[in-house]
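Engineer: Residue numbers (our numbering): 243 to 577.
Virtual Cβ for every residue (Gly too), placed ideally from N, Cα, C.
Questions regarding the structure given below will be posed in turn.
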Amino acid sequence: MSRPQKHTAQSTNGKYNYLLFDSVFAFNAFVDHEIQQLSKTNASRWNNVVQSTIQNLNSGTEWYGNPTPKDIEELNEHRTFSGMELVRKIQPQIKDKLAKYLDYLEDAVLPKPKMAYNDRGLGVFSFERAAMAMFKNFPVDTRTPVDTAVSQMNIELNNHSINTSVKTVYAYFQDKQMSYPAMQLYIMAGANANVQGDQLLYVGLACAELVEFLELRGISVEVNVMIGTSFSNQVAMACVRVKRFQDKLDKNQLLLISSDPRYFRFRGFKSLVALSNYFGLTIPSGLGSITAQMGAAFAKAINSKGFVFEQSYAMETAVNEVTQIIESYKTQLAV
């Protein structure tokens, strides 16, 4: 496979060593390849992760979410978000919590364009609107027997025009802001060891709600997930794009890589070892840590106009991040 280009950036948190990936597939392929190229020390670190994972699974822990995976192979081949049942339970709660904030933001910050209709051919023809009052014309010419017969045949063959009494049948967005700039979102994935598996879910779900809110207002959104670790005053980081501006959000891909404990607490750890090794670093036995503001500092270093979801392990925190990002975006528009 082709080797991804190495990048570095400086921030207040130290030196960032980072790689950019266009998809979750490309990221997984890199990790699986690099894990075969480990230095002796990094190979020992990865073996320790594998052994501790086996012990955790044998103990029946919920650290990887519920139910507990059967074995290492299940974790390594995990490619589909496993908590959709939990999503169906939690997502309505997040929507309810967000509702009052989003109602305010819709009225005062980023109103959704309203649909209007005209008869001047501006916009898109709305068949549904025209169909509300359709009628058929049956022109009959009786000047001669031949004309009468032709008219009768046209009626029998449905060769007649269909009209509508509704004239305003062209739909367009009224007062639509045409110059909203696109938004790039960055999500810091994962968690430190004391966070329960299901608590990882909030940040991904909150991001999905934010993307829907923005795109209903004509704002193109790109979503990137950051996976990284900090040690020895530097950071090894992967920035994985899970949604391009022009694509619909694949909620499975977003939740898998940002919020799934089965993914992060095995393949995520695997990626931390692989990233460190790729940059010639020796990862510590504890695999480093996710420090406060690590994601925000990285996003600021590579894209000053990006917006960041830091780690949110409670519903209220995730909701607050959504509202802050929307208000910060509106403030940025005014500059």
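Pull up the DSSP beta-bridge partners for Ile429, would you.
Structural biologist: In DSSP, Ile429 forms a bridge with Val467, Phe551.
Engineer: So, at 7 Å on beta carbons, what are the nonlocal neighbours of Tyr571 in its own chain, with the 5 sequence-adjacent residues on each side left out?
Structural biologist: Counting only Cβ-Cβ distances below 7 Å, and skipping sequence neighbours, we find Met425, Phe549.
Engineer: Taking the CB atoms as reference points, tell me whether Gln333 and Leu447 lie closer together than 8 Å.
Structural biologist: Yes.
Engineer: Report yes or no: do three or more beta-carbon pairs, one from the region 257 to 274 and one from the region 506 to 516, lie closer than 8 Å?
Structural biologist: Judged by Cβ distances under 8 Å, the region 257 to 274 makes contact with the region 506 to 516, as three or more pairs qualify.
Engineer: Identify which residue in Cys449, Val484, Phe263 has its Cα closest to the Cα of Ser244.
Structural biologist: Selected option, being the one with the closest Cα: Phe263.
Engineer: Per DSSP, which residues does Asn255 bridge with? Please list them.
Structural biologist: Its beta-bridge partners do not exist; DSSP assigns none.
Engineer: Between the alpha carbons of Thr410 and Asn360, how many angstroms are there, rounded?
Structural biologist: Each residue's Cα considered, the two are about 4 Å apart.
Engineer: In angstroms, rounded to a whole number, what distance separates the CA positions of Ser392 and Arg385?
Structural biologist: For clarity, residue 392 is Val in the given sequence; the question names Ser instead. Computed Cα separation, rounded: 11 Å.
Engineer: Which of helix, strand or coil does DSSP assign to Tyr260?
Structural biologist: The answer is strand: DSSP assigns Tyr260 an E or B state.
Engineer: What whole-angstrom Cβ distance do His320 and Tyr520 have, given they're in contact under 8 Å?
Structural biologist: With 8 Å as the limit, His320 and Tyr520 do not qualify as a contact, their Cβ atoms being about 22 Å apart.
Engineer: Have a look at Ala538 and His249 and give me their C-alpha separation to the nearest angstrom.
Structural biologist: Going from the Cα of Ala538 to the Cα of His249 covers about 17 Å.
Engineer: Grouping DSSP H, G and I as helix and E and B as strand, with all else coil, what is Ser472?
Structural biologist: Ser472: strand per DSSP, three-state reduction.
Engineer: For Tyr306, I'd like the list of residues in its chain whose CB is within less than 8 Å of its CB, leaving aside the five on either flank, ordered along the chain.
Structural biologist: The answer, listed in chain order, is Asn298, Leu299, Leu317, Gly439, Pro503, Arg504, Arg507, Phe508.
Engineer: Shortest alpha-carbon distance to Ala480 belongs to which of Glu569, Ile296, Thr471, Val465?
Structural biologist: Checking every option, the nearest Cα to that of Ala480 belongs to Thr471.
Engineer: To the nearest whole angstrom, what separates the beta carbons of Leu340 and Val564, a pair I think is in contact under 8 Å?
Structural biologist: Indeed they touch by this definition, with Cβ atoms about 6 Å apart.
Engineer: Here's the rule I'm using: 16 or more other beta-carbon atoms within 10 Å means buried, otherwise exposed. How should Tyr258 be labelled?
Structural biologist: So Tyr258 ends up on the buried side.
Engineer: Tell me whether Arg504 sits in a helix, a strand or coil according to DSSP, three-state version.
Structural biologist: Helix.
Engineer: Is it the case that the Cβ atoms of Ile532 and Arg287 are separated by a distance below 8 Å?
Structural biologist: Not in contact: Ile532 and Arg287 (Cβ atoms no closer than 8 Å).
Engineer: What are the residues that DSSP puts in a beta bridge with Lys331?
Structural biologist: Partner(s): none; Lys331 has no beta bridge.
Engineer: How is Ala480 classed by DSSP in three states: helix, strand or coil?
Structural biologist: Reduced to three states, the DSSP call for Ala480 is strand.
Engineer: I'd like to know whether the C-beta atoms of Val463 and Phe487 end up nearer to each other than 8 Å.
Structural biologist: Taking 8 Å as the Cβ cut-off, Val463 and Phe487 qualify as a contacting pair.
Engineer: Please report the residue range of the alpha helix (DSSP H) in which Gly537 lies.
Structural biologist: Element bounds for Gly537: 536 to 544.
Engineer: In terms of residues, what are the limits of the alpha helix (DSSP H) holding His275?
Structural biologist: Looking at the DSSP string, the run of the alpha helix (DSSP H) that includes His275 is 266 to 276.
Engineer: What number of angstroms, rounded off, separates the C-alpha of Arg459 from the C-alpha of Glu304?
Structural biologist: About 39 Å.
Engineer: Going by DSSP, name the residue or residues bridged to Tyr250.
Structural biologist: The sequence shown places Thr at residue 250, rather than the Tyr named in the question. Answer by DSSP bridge pairing, in chain order: Asn259.
Engineer: Going by beta-carbon coordinates alone, are Ile314 and Val291 separated by less than 8 Å?
Structural biologist: Cβ distance not < 8 Å, so Ile314 and Val291 don't count as in contact.
Engineer: Are the CB atoms of Ser253 and Phe540 nearer to each other than 8 Å?
Structural biologist: Going by C-beta atoms, Ser253 is nearer than 8 Å to Phe540.
Engineer: If you check the beta carbons only, do Val482 and Ile461 fall under 8 Å apart?
Structural biologist: Not closer than 8 Å, so no.
Engineer: Taking the continuous alpha helix (DSSP H) assigned at Tyr444, which residues delimit it?
Structural biologist: Its alpha helix (DSSP H) spans residues 443 to 457.
Engineer: Assuming Gly325 and Leu443 are in contact, meaning their beta carbons sit under 8 Å apart, how far apart are those beta carbons, in whole angstroms?
Structural biologist: So it is a contact: roughly 6 Å between Cβ atoms.
Engineer: Report yes if the C-beta distance between Gly530 and Phe455 is below 8 Å; otherwise report no.
Structural biologist: Going by C-beta atoms, Gly530 is not nearer than 8 Å to Phe455.
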